[in-house]
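Sequence lines, in order, name chains A and B.
Read left to right, the first sequence gives residues 4 to 262 (the numbering used here).
Read left to right, the second sequence gives residues 56 to 384 (the numbering used here).
The C-beta atom is built at its ideal place from N, Cα and C for all residues, glycine as well.
A quick note: this is a predicted structure, and the numbers were derived from the prediction, not measured.
Structure, as C-alpha cells:
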Amino acid sequence: MRNVWTITRKELNAYFRSPIAYIVLAVFAIIFGFFFYSVISLFMRQVFEQAQYTVMYGRMYPLNVNEMVIRPLLSNVSVVCLFLVPMITMRLFAEEKKSGTMELLMTAPITDMQIILGKFFAAFILYACLLGITFCYILILFRYGNPDWKPLIAGYLGQLLLGGCFLSFGLLLSTFTKNQLVAGSLTFGLFLMLWILNMASEYASTQVGQIVNYISFTTHIENFSKGVLDLKDTVYYLSVIGLGLFLTARSLESVRWRG
Amino acid sequence: MIEVQGLTKKFGHTVAVDNLHFSVKKGEILGFLGPNGAGKTTTMRVITGYMPPTSGNVSVAGFNVMQDPLEVKKRVGYLPETPPLYTDMRVDEMLEFAGRIKGVEKSDLQQRMEEVAEKTAITDVRKKIVGHLSKGYRQRVGLAVALINSPDILVLDEPTAGLDPKQIIETRKLILSLAGEHTIILSTHILPEAANTCHRVMIINNGRLVAEDTPENLTARLQGFDTLRLVVDGPQAEIQEKVSSMDGIREVAASVTHDGKVELSVQMSHGKDLRREIARAVVESGWGLMELRPLGMSLEDIFLQLTTKESLEHEMEEAPESPVGSLEQ
Ligand SMILES: Nc1ncnc2c1ncn2[C@@H]1O[C@H](COP(=O)(O)OP(=O)(O)OP(=O)(O)O)[C@@H](O)[C@H]1O
Ligand SMILES: [Mg+2]
C-alpha cells in the first residue's frame, strides 16, 4: 500500500507541475459553468411559467430542483468526461515508456499491480477534483433552493464509478504506445464509439441493441442519477473497473516481454 | 552472486541473446564488451528483472529472477543506457522517489540521499531540475538513483557513455571504489575502460560469448606468442618445413594465395623475435620474400576481430591457428 501511495503522489505531483491538470480543470469549469447557466435559465423560465400557471388556475405544482437541474447537469458531466478523461490518462504509461523511466519502475521492488493502482488512484483523484468543481456550482443551488441530498449523493457516486471505468480503460490504452497523442486519440476514439453505440442502442429494440445497452457504461448511470443506489449497477461498474485494471496488468506483462 | 545458465532471449525472430552462461562472484567487476546490437543491454535487462528470458535460468543472490523477482530487485541497482529520470523533478525529489519505491526506510532516507549525492558528486545540483542538467550530471544522478538503497549488485549499462574525459576518469574511480562492497556488471564499447576497471571481461557478439578472461590474461595470451605474417614466392612444402624447423618457432600454417605465392602464419615462442633469421633463411634458400610483418594485435584489434564476423572468417582463412582461435571457448 505504501508503494501504491508513493506512485500516486508522484503522479499527482506530475499532474500539478505540468499544465495538464490546470488546463483540464479550467476547461471543465468553463464548460460546466455554461451548462449550469443554461440549465438554470431553463429552470427559471419554467418557474416563471409555473408562477403564471398558479395565478391562472389557483393551483401549485412544486418544481423539483433535483429532477430539473441536478440530473441534467450530472448527465452532462459524463459527456464532458468523454473529452477530458483521455487527457488525464494518456500520459500515465506513454510518458514513462518514452522517457525510459519505465525501466526504473519495472526494476524497482514493487509489483506491476502496485504501479497500476498508484497511477489509477492519481487519475481518479484528479477526476474527483473535476467533480468537486461541479459540486461548487451545485452548492449555489443549496444557497437559493432546497434540493434533496440523497439523490445528489447517489448521482455523484454514479459519476465517480462511471469515471473510474473510463479511467481504467484510458490507463489500459496508455500502455499500448510511447506516444501520448496516440494514446489519447485511441482513448477518445474508444469512448466516442461507446457513446455512439449507446445512442444507437436506445432506438434499437433488437436483442443486440439490448446487449449493447447492457454493456454500455452509460446506461447503468440512469438509476444513480434518479437517486437510486442499485447494487447491480454498482457491481457492474466495479467489475468494469476491475477488468480495465486487469487488462492493463496483462498489457504491462506483454510490454515486459517485448521490451 | 549472479548465476546465468543458458540465457536466451528472442524478439520475434531476432535472437538477441543466445545461450549465454556465466557467473559473477561477490565483489567482482565483470565487463560486457561488444559492438552495437551484441545483446549487452538485453542481458542486463534480464538480470535486473526488467524482462523475462525466453529460456534459461538466471539467479541473483540465490533468488531466481522469474520466481522471486521482488527479492532480486531489492538487491539490484540498475543504471540503464538512458538514465531513467523524471525531467520535471528536482534532483532531490528524484532521489527521494527512487528511495521510496526501492523501500528505503523513511528515517534513513535523508541520510542515504546525502551519502549517494556525496559519492556521485552531485551535491551542488541537488536543488536543480533534472531536465536542466547536462548529460554527464544526469548520468551521475542516474548512478545515485541506482545506489540509493545500497544494493549488493550494481548493473551499469554504459556508465561512461557521453561523459567528458575528466568525468569518465571520475566515474571509473567511483566504480572501482564501489567494487569491494558491491558486485558490479558493466557494459562498454571502449576497451581500455574494460581493461582498467574490470576484473573480468566477457566479449559478446551476436548474443554469443566470444571470449572471457581477465584483461591481463587476454592481453598476455596475445603477447605470449607473437605471430608473423609471411608471404614467400616458392614451393609451399619446402618453405613450411624450413621455417618450422627453425629454433623458437611454435607453429606454422601455410596456404597458397590466389596469385600463387605461399602465405604463412608463423607463431614464435614468447619473447622471441625471429624476423631477421626468417628473412635470412628465406633469401638464402633462393625464394622471394614478398612480405614479412608482425600480426601483433592490440586488445582493440582482438575486440574488432572477435566481434566482426567477416574479419573473423577472413582471419581464420589467413591463419587458422591465430590467437583468435585459441581464445574461443
Ligand atoms: N525490444 C526489442 N524489440 C526487438 N528487438 C530488440 C529489442 N531490444 C533489442 N533488440 C534487438 O536485440 C539485439 C541486441 O540488442 P541490445 O540492445 O541488447 O544490444 P547492445 O549490446 O546493448 O547494443 P548497444 O551497444 O548498441 O547498446 C539487437 O539486434 C536489437 O535490435
Ligand atoms: Mg545497449
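Status (buried if at least 16 other CB within 10 Å, exposed otherwise) for residue i
| i | result |
| --- | --- |
| G67 of chain B | exposed |
| P206 of chain B | buried |
| D328 of chain B | exposed |
| H313 of chain B | exposed |
| Y240 of chain A | buried |
| Q322 of chain B | buried |
| M144 of chain B | buried |
| V311 of chain B | exposed |
| R348 of chain B | exposed |
| G245 of chain A | exposed |
| D163 of chain B | exposed |
| H187 of chain B | exposed |
| L142 of chain A | exposed |
| N6 of chain A | buried |
| G166 of chain A | buried |
| T282 of chain B | buried |
| D151 of chain A | exposed |
| R146 of chain A | exposed |
| Y131 of chain B | Sequence inspection shows Val at residue 131 of chain B; the Tyr mentioned does not correspond to that position. When all chains shown are included, V131 of chain B counts as buried. |
| K297 of chain B | buried |
| S254 of chain A | buried |
| L248 of chain A | buried |
| K3 of chain A | The structure shown does not extend to residue 3 of chain A, since chain A spans only 4 to 262, so no value can be given for it. |
| T269 of chain B | exposed |
| V200 of chain B | buried |
| P22 of chain A | exposed |
Inter-residue CB distance, residue i and residue j (contact presumed, cutoff 8 Å)
| i | j | result |
| --- | --- | --- |
| V79 of chain B | M56 of chain B | 5 Å |
| L198 of chain B | T178 of chain B | In fact, because the Cβ distance is near 14 Å, the residues do not count as touching under 8 Å. |
| L174 of chain A | A126 of chain A | 7 Å |
| E14 of chain A | K122 of chain A | 6 Å |
| E346 of chain B | R284 of chain B | 7 Å |
| L134 of chain A | Q162 of chain A | 6 Å |
| V27 of chain A | L87 of chain A | 5 Å |
| V287 of chain B | G343 of chain B | 7 Å |
| F169 of chain A | F194 of chain A | 6 Å |
| L140 of chain B | R193 of chain B | 6 Å |
Check whether residue i and residue j have beta carbons under 8 Å apart
| i | j | result |
| --- | --- | --- |
| T252 of chain B | V185 of chain B | no |
| I118 of chain A | I33 of chain A | no |
| M301 of chain B | A336 of chain B | yes |
| T103 of chain B | T104 of chain A | no |
| S114 of chain B | E58 of chain B | yes |
| A93 of chain B | G262 of chain B | yes |
| A186 of chain A | A97 of chain A | yes |
| L241 of chain B | G86 of chain B | yes |
| I203 of chain B | G154 of chain B | yes |
| H244 of chain B | P90 of chain B | yes |
| T96 of chain B | K65 of chain B | no |
| N79 of chain A | F38 of chain A | yes |
| V101 of chain B | L150 of chain B | no |
| K129 of chain B | G158 of chain B | yes |
| V263 of chain A | F46 of chain A | Given a span of 4 to 262 for chain A in the structure shown, any question on residue 263 of chain A remains unanswerable. |
| G191 of chain B | Q166 of chain B | no |
| M93 of chain A | S177 of chain A | yes |
| W198 of chain A | M106 of chain B | no |
| M99 of chain B | V210 of chain B | yes |
| G289 of chain B | V256 of chain B | no |
| L88 of chain B | I259 of chain B | yes |
| L129 of chain A | A29 of chain A | no |
| I304 of chain B | I84 of chain B | no |
Closer than 7 Å: residue i CB and nearest ligand 3 heavy atom
| i | result |
| --- | --- |
| D212 of chain B | Within the structure as shown, ligand 3 is missing, the only ligands being ligand 1 and ligand 2. |
Residues sharing a beta bridge with residue i, DSSP
| i | result |
| --- | --- |
| E306 of chain B | B:Q322 |
| Y316 of chain B | A quick correction: the sequence has Lys, not Tyr, at residue 316 of chain B. None, per the DSSP bridge assignment. |
| N226 of chain A | DSSP lists no partner for N226 of chain A. |
| S242 of chain B | B:F87 and B:D212 |
| M257 of chain B | B:F87 and B:E267 |
| K65 of chain B | B:V70 |
| I184 of chain B | B:R145 |
| G58 of chain B | Residue identity check: residue 58 of chain B is Glu in the sequence provided, not Gly. DSSP output for E58 of chain B lists B:S78 and B:S114 as bridge partner(s). |
| N119 of chain B | B:S114 |
| P135 of chain B | Partner(s): none; P135 of chain B has no beta bridge. |
| L285 of chain B | B:L319 and B:L347 |
| V311 of chain B | B:V317 |
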